[in-house]
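S.K.: Chains as they are written, first to last, in our numbering: chain A, 1 to 303; chain B, 1001 to 1303. Dropping the structure in here first, questions after.
Protein chains: 2
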Amino acid sequence: MDDGEFLACDWGTTHLRAWGIGAGGNILRRELFPWGVAKLTAGEAERKFHTEVRPRMQAQALPAFLCGMIGSDLGWIQVSYEQCPAGLGKLAASLRRLEAKPGVWIVPGLLSDGVFGAPDVMRGEETQLLGWVAQDASRKTGRIMICHPGTHTKWTLVVDGQVIRFVTYMTGELFDVLRTQSILRTSATADDHAAFDEGVAAASDGNALAARLFTIRARTVTGIDAPEASASYLSGLLIGAEVASIPRLLPTAQDMAINLLGDDSLCRRYARALSNRGVSSTIHSGENAVIAGLRELKAIAKI
Amino acid sequence: MDDGEFLACDWGTTHLRAWGIGAGGNILRRELFPWGVAKLTAGEAERKFHTEVRPRMQAQALPAFLCGMIGSDLGWIQVSYEQCPAGLGKLAASLRRLEAKPGVWIVPGLLSDGVFGAPDVMRGEETQLLGWVAQDASRKTGRIMICHPGTHTKWTLVVDGQVIRFVTYMTGELFDVLRTQSILRTSATADDHAAFDEGVAAASDGNALAARLFTIRARTVTGIDAPEASASYLSGLLIGAEVASIPRLLPTAQDMAINLLGDDSLCRRYARALSNRGVSSTIHSGENAVIAGLRELKAIAKI
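Below is the structure:
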């Protein structure tokens, strides 16, 4: 692996995470910037990258590797979606170079055959999950199921280091808009495990979600639940409905342990919902994985 | 029936509809006020009723009958939920009187055994649907299935003039928050029948709704759909998932024609989704029904 210093960025919808990576792969510095692509106007990504990110990261002279929604129509420039099956080799061959020395490279997204007559897309998770696979020799062969909980949760089947297929659930975004914008809105944030578990159980067949959601209002109005429990019950219903339908969409998931990758507290909710259904799972750091992925891509592309 | 003049109000979450009703049941005047209970502060409903509604409706000396969310914790005063089975008699016996002459009466809501271990509740639709039943002798006996499309769509089974059971879907509210607040937001408003029908078909088993929702983003990103089609596809997915799960929740709906009551353009979408699944339906005016319901209650209570 070419071990030159570089700037690694995971630039998503809500935030930009940047790391200065040393010659041996160590993290020299890290910053979280509040400019997700959803908040940027046209041309702003490029400007902020040069006037703020490079200086703050002491990375003016370093090659930069960016993954995530920065490569979408909402970001800096629209980069391709590569068709599955795809591994690190295909991604590295399609890196989009934007500038001369020191250079900016944006990682393409992935396109999967959909399960509903429509294709599915991802940007950012591919780097993280293939980086996670590359971190351990035992993951490089065989079938692996990875779940990225988040605004748009992704469930991905990887076989011998290649992404075969994935499916996206809007679960996190549904939770956010319902909790803040609907009749179910609540200021409660504390985890209520009992209410969460009840929600998971109530959604156990994945069906009639819009009707189950209204029961939250009915449960509060009739005094079955305290209003403070409603956010946890809502989370349980949404994650429970998702987990319940996975075996139908990605049938191989049925008999496999699930690898959860990403935000720890959200991963723990998914682990709990899976466990309630008798499915085992393990939680892994998303930060280390995305850095590993960008470093692998840089090495394969010999940059 | 006692045919004195009165003031009829359907005071819901988003609007107040008021009618001056003449001695023979004719509509003397009608007004739409933009003060749904969601927009009112504590005490404001009573104040607006006296300073604006009564004068504008020329109804200072008339008894007033109010149904809808005005009887909830968000409205004027919290009125009971009456347990199903319930008909006009039970509602009339539990009218809540608020003031001395000329008097204000608020109709109670209904409470149904739920289908998910939680009860279900309604306020406003009970007056409309029982009023509709009372409008025609042929509806007063036998089994009838009524659907009120709306922010919180209600499906109600009526047997021999009694509400037996109902179930609520948050379909309309999901449509609104997703169309305005999520990654699926769009300014498109025109009906695209082909996109709607595709959405209904895609949701045909009612399952994995959060995953199907994300396909709207994927369909637009990959050029399958024009962005203008996405609102109609979203509407089709949500109404399709609802219609698909109804026979499981209210099994008797399977073999019955559906009576759609309420907003005409929304009723027409439901009729289309039902027709796509081979279920026949008819559309009826909600306005006439709610007036008939309030007039029946006034008569039964001998006010």
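We put the beta carbon where it would ideally sit given N, CA and C, even for glycine.
Ordered along the chain, which non-local residues of its own chain (more than five positions away) have a Cβ less than 7 Å from that of residue 1141 (chain B)?
M.R.: Hits under 7 Å: 1160.
S.K.: For residue 1128 (chain B), report the span of its alpha helix (DSSP H) as first-last.
M.R.: 1125 to 1134
S.K.: Which of the residues in the stretch 158 to 171 of chain A, read from start to end, lie with their CB under 9 Å from any CB of chain B?
M.R.: Cβ contacts with chain B: 167, 168, 169, 170 and 171.
S.K.: I'd like to know whether the C-beta of residue 1149 (chain B) is nearer than 8 Å to at least one C-beta of chain C.
M.R.: Protein chains A and B are contained in the structure displayed, whereas chain C is not.
S.K.: Can you tell which of B:1133, B:1293, B:1186 and B:1086 has the C-alpha that lies nearest to the C-alpha of residue 1165 (chain B)?
M.R.: B:1086
S.K.: Just the C-alpha distance for residue 1225 (chain B) and residue 1195 (chain B), rounded to the nearest angstrom, thanks.
M.R.: 8 Å
S.K.: Since residue 1242 (chain B) meets chain A, which of its residues come closer than 9 Å, beta carbon to beta carbon?
M.R.: 208, 210 and 211
S.K.: For a test of the three-state rule: what should DSSP assign to residue 220 (chain A), helix, strand or coil?
M.R.: helix
S.K.: Please report whether the beta-carbon of residue 173 (chain A) lies at a distance below 8 Å from any beta-carbon of chain B.
M.R.: yes
S.K.: Determine, using beta carbons only, whether residue 1014 (chain B) comes closer than 8 Å to chain A.
M.R.: no
S.K.: What residues in the stretch 1124 to 1158 of chain B bring their beta carbon closer than 7 Å to a beta carbon of chain A?
M.R.: 1152
S.K.: Relative to the alpha-carbon of residue 232 (chain A), which residue among A:209, A:269 and A:77 has its alpha-carbon at the smallest distance?
M.R.: A:269
S.K.: Show which residues of chain B have a CB atom less than 7 Å away from the CB atom of residue 221 (chain A).
M.R.: 1121
S.K.: Go ahead and label residue 23 (chain A) buried or exposed: buried means 16 or more other beta carbons lie within 10 angstroms of its beta carbon, across all protein chains shown.
M.R.: exposed
S.K.: Kindly indicate the opening and closing residues of the beta strand (DSSP E) around residue 109 (chain A).
M.R.: For residue 109 (chain A), the enclosing beta strand (DSSP E) stretches over residues 109 to 112.
S.K.: Could you give the DSSP three-state label for residue 16 (chain A): helix, strand or coil?
M.R.: Note: residue 16 (chain A) maps to strand in three-state DSSP.
S.K.: Residues of chain A with CB closer than 7 Å to the CB of residue 1218 (chain B), please, in chain order.
M.R.: 114, 118, 119, 120 and 121
S.K.: Under the rule that 16 or more other beta-carbon atoms within 10 Å means buried, what is residue 242 (chain A), buried or exposed?
M.R.: Using a 10 angstroms sphere on the CB of residue 242 (chain A), the tally of other CB atoms reaches 16 or more, which defines it as buried.
S.K.: Are residue 297 (chain A) and residue 88 (chain A) close, meaning C-beta to C-beta below 8 Å?
M.R.: Residue 297 (chain A) is a Cβ neighbour of residue 88 (chain A), given a cutoff of 8 Å.
S.K.: Could you have a look at residue 10 (chain A) and say whether DSSP puts it in helix, strand or coil?
M.R.: The answer is strand: DSSP assigns residue 10 (chain A) an E or B state.
S.K.: Starting from residue 1182 (chain B), find everything on chain A with Cβ-Cβ shorter than 7 Å and list it in chain order.
M.R.: 173 and 177
S.K.: Just the chain A side, please: which residues come within less than 9 Å of residue 1238 (chain B) by C-beta, in chain order?
M.R.: 210
S.K.: So, residue 291 (chain A) versus residue 105 (chain A), is the Cβ gap smaller than 8 Å?
M.R.: no
S.K.: Just verifying my parser: in three-state terms, what is the DSSP assignment at residue 1154 (chain B)?
M.R.: strand
S.K.: Got a sec, what are the start and stop residues for the alpha helix (DSSP H) residue 44 (chain A) sits in?
M.R.: 44 to 48
S.K.: For residue 184 (chain A), tell me which candidate among A:12, A:252, A:82 and A:216 has the shortest Cα-Cα distance.
M.R.: A:216
S.K.: Roughly how many angstroms separate the alpha carbons of residue 1123 (chain B) and residue 1017 (chain B), rounded to a whole number?
M.R.: Approximately 15 Å between the Cα atoms of the pair.
S.K.: Using CA coordinates, which residue listed in A:70, A:151 and A:29 is at the minimum distance from residue 1214 (chain B)?
M.R.: A:151
S.K.: Using 8 Å as the threshold, is the C-beta distance between residue 130 (chain A) and residue 121 (chain A) below it?
M.R.: Not closer than 8 Å, so no.
S.K.: Assign residue 83 (chain A) to one of three DSSP states: helix, strand, or coil.
M.R.: strand
S.K.: Could you check the C-alpha separation between residue 80 (chain A) and residue 73 (chain A) for me, to the nearest Å?
M.R.: 11 Å
S.K.: How long is the line joining the alpha carbons of residue 157 (chain A) and residue 258 (chain A), rounded to whole angstroms?
M.R.: 10 Å
S.K.: Distance check for residue 101 (chain A) and residue 53 (chain A), CA to CA, integer angstroms please.
M.R.: In a straight line, the C-alpha of residue 53 (chain A) is about 16 Å away from that of residue 101 (chain A).
S.K.: Who are the neighbours of residue 77 (chain A) on chain B, taking C-beta pairs under 8 Å?
M.R.: By Cβ distance, chain B contributes nothing, its closest Cβ being about 15 Å from residue 77 (chain A), past 8 Å.
S.K.: Is it right to say residue 39 (chain A) is buried, meaning 16 or more other beta carbons lie within 10 angstroms of its own, or is it exposed?
M.R.: exposed
S.K.: In terms of residues, what are the limits of the beta strand (DSSP E) holding residue 1258 (chain B)?
M.R.: Annotation: the continuous beta strand (DSSP E) that includes residue 1258 (chain B) extends over 1258 to 1261.
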